[in-house]
Amino acid sequence: MTTLLNPQAMQRVLTHSEEYRRAVGLLNENWDPEDQPIYRNVLEAADVHFARQLQMAGLVGGTTDLGDYRAVNQLIMRHDQWFSTGARQALLASFQD
3 MTTLLNPQAM
13 QRVLTHSEEY
23 RRAVGLLNEN
33 WDPEDQPIYR
43 NVLEAADVHF
53 ARQLQMAGLV
63 GGTTDLGDYR
73 AVNQLIMRHD
83 QWFSTGARQA
93 LLASFQD
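Heads up: the sequence shown begins at 3 in our numbering, then just goes up one per residue.
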(Lines of atoms letter the chains of each structure in order from A and count residues from 1; the text may use other names and numbers.)
(Lines give C-alpha, C1' and ligand atoms only; values in the text may rest on other atoms or scores of the structure.)
Protein backbone atom coordinates (compact mmCIF):
# COMPACT_ATOMS: atom_id res chain seq x y z
CA MET A 1 0.00 0.00 0.00
CA THR A 2 1.39 3.38 -0.94
CA THR A 3 0.97 6.50 1.15
CA LEU A 4 1.10 10.15 0.20
CA LEU A 5 3.92 12.40 1.30
CA ASN A 6 3.21 15.65 3.10
CA PRO A 7 4.04 18.92 1.27
CA GLN A 8 7.38 19.40 3.07
CA ALA A 9 8.51 15.90 2.13
CA MET A 10 7.44 16.43 -1.49
CA GLN A 11 9.45 19.65 -1.59
CA ARG A 12 12.52 17.71 -0.41
CA VAL A 13 11.93 15.18 -3.20
CA LEU A 14 11.39 17.76 -5.92
CA THR A 15 14.48 19.78 -4.98
CA HIS A 16 16.64 16.71 -4.31
CA SER A 17 17.56 18.14 -0.93
CA GLU A 18 20.35 16.79 1.27
CA GLU A 19 17.74 14.84 3.26
CA TYR A 20 16.44 13.26 0.06
CA ARG A 21 19.94 12.33 -1.14
CA ARG A 22 20.78 10.75 2.23
CA ALA A 23 17.53 8.74 2.26
CA VAL A 24 18.08 7.52 -1.32
CA GLY A 25 21.66 6.62 -0.42
CA LEU A 26 20.34 4.54 2.46
CA LEU A 27 17.77 2.75 0.30
CA ASN A 28 20.31 2.02 -2.44
CA GLU A 29 23.22 1.31 -0.07
CA ASN A 30 25.18 3.96 -1.89
CA TRP A 31 28.00 5.17 0.38
CA ASP A 32 31.57 6.16 -0.34
CA PRO A 33 33.77 3.34 1.00
CA GLU A 34 36.79 5.67 0.90
CA ASP A 35 35.15 8.08 3.35
CA GLN A 36 37.42 8.60 6.36
CA PRO A 37 36.02 7.15 9.62
CA ILE A 38 36.83 10.30 11.60
CA TYR A 39 34.87 12.54 9.23
CA ARG A 40 32.18 10.06 8.29
CA ASN A 41 28.73 11.58 8.20
CA VAL A 42 26.67 8.73 9.66
CA LEU A 43 22.99 8.30 8.93
CA GLU A 44 20.58 9.45 11.62
CA ALA A 45 17.08 8.39 12.63
CA ALA A 46 15.55 11.19 10.52
CA ASP A 47 17.25 9.71 7.43
CA VAL A 48 15.73 6.32 8.20
CA HIS A 49 12.24 7.79 8.69
CA PHE A 50 12.42 9.73 5.43
CA ALA A 51 13.75 6.71 3.54
CA ARG A 52 10.86 4.66 4.89
CA GLN A 53 8.39 7.36 3.76
CA LEU A 54 9.88 7.38 0.26
CA GLN A 55 9.65 3.61 0.04
CA MET A 56 6.08 3.50 1.35
CA ALA A 57 5.07 6.19 -1.16
CA GLY A 58 6.53 4.09 -3.95
CA LEU A 59 8.96 6.82 -5.04
CA VAL A 60 12.20 4.95 -4.34
CA GLY A 61 12.23 1.18 -4.16
CA GLY A 62 15.88 0.77 -3.32
CA THR A 63 17.84 -2.43 -2.82
CA THR A 64 16.65 -2.97 0.76
CA ASP A 65 13.04 -3.38 1.83
CA LEU A 66 12.83 -1.47 5.11
CA GLY A 67 9.63 -3.38 5.92
CA ASP A 68 11.44 -6.74 5.94
CA TYR A 69 13.23 -7.67 9.18
CA ARG A 70 15.77 -9.95 7.51
CA ALA A 71 16.70 -7.32 4.92
CA VAL A 72 17.07 -4.62 7.58
CA ASN A 73 19.15 -6.87 9.82
CA GLN A 74 21.46 -7.74 6.93
CA LEU A 75 21.75 -4.05 6.03
CA ILE A 76 22.84 -3.24 9.58
CA MET A 77 25.31 -6.12 9.63
CA ARG A 78 26.87 -5.08 6.30
CA HIS A 79 27.06 -1.35 7.05
CA ASP A 80 26.98 -0.96 10.83
CA GLN A 81 29.58 1.83 10.79
CA TRP A 82 27.28 4.01 8.66
CA PHE A 83 24.46 4.18 11.21
CA SER A 84 24.20 6.19 14.40
CA THR A 85 22.68 4.45 17.41
CA GLY A 86 19.42 6.31 16.78
CA ALA A 87 19.36 5.18 13.15
CA ARG A 88 19.85 1.54 14.14
CA GLN A 89 17.01 1.87 16.64
CA ALA A 90 14.79 3.52 14.02
CA LEU A 91 15.52 0.74 11.54
CA LEU A 92 14.53 -1.95 14.06
CA ALA A 93 11.70 -0.09 15.84
CA SER A 94 8.90 -1.36 13.63
CA PHE A 95 9.88 -4.99 14.36
CA GLN A 96 9.89 -4.71 18.17
CA ASP A 97 6.89 -5.33 20.39
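Ideal Cβ positions, reconstructed from N, Cα and C, are used throughout, including at glycine.
Query raised in the report: What does F85 pair with, by DSSP beta-bridge criteria?
Result: Mapped onto the sequence shown, residue 85 falls at position 83. Beta-bridge pairing by DSSP links F85 to L45.
**Report entry** For L16, the first and last residue of its enclosing alpha helix (DSSP H)
**Finding:** Translated into positions along the sequence shown, residue 16 becomes position 14. First-last of the alpha helix (DSSP H) with L16: 9-16.
Query raised in the report: Of all the options A48, L94, H51, which has the alpha carbon lying nearest to the alpha carbon of D70?
Result: Along the sequence shown, read from residue 1 onward, the residue named residue 70 stands at position 68. Distance from the Cα of D70 is smallest, within the candidate group A48, L94, H51, for L94.
Query raised in the report: Which term fits F85, buried or exposed, when burial requires 16 or more other beta carbons within 10 angstroms of its beta carbon?
Result: Translated into the one-based positions of the sequence shown, residue 85 becomes position 83. By the C-beta density criterion, F85 is buried, having at least 16 other C-beta atoms within 10 angstroms.
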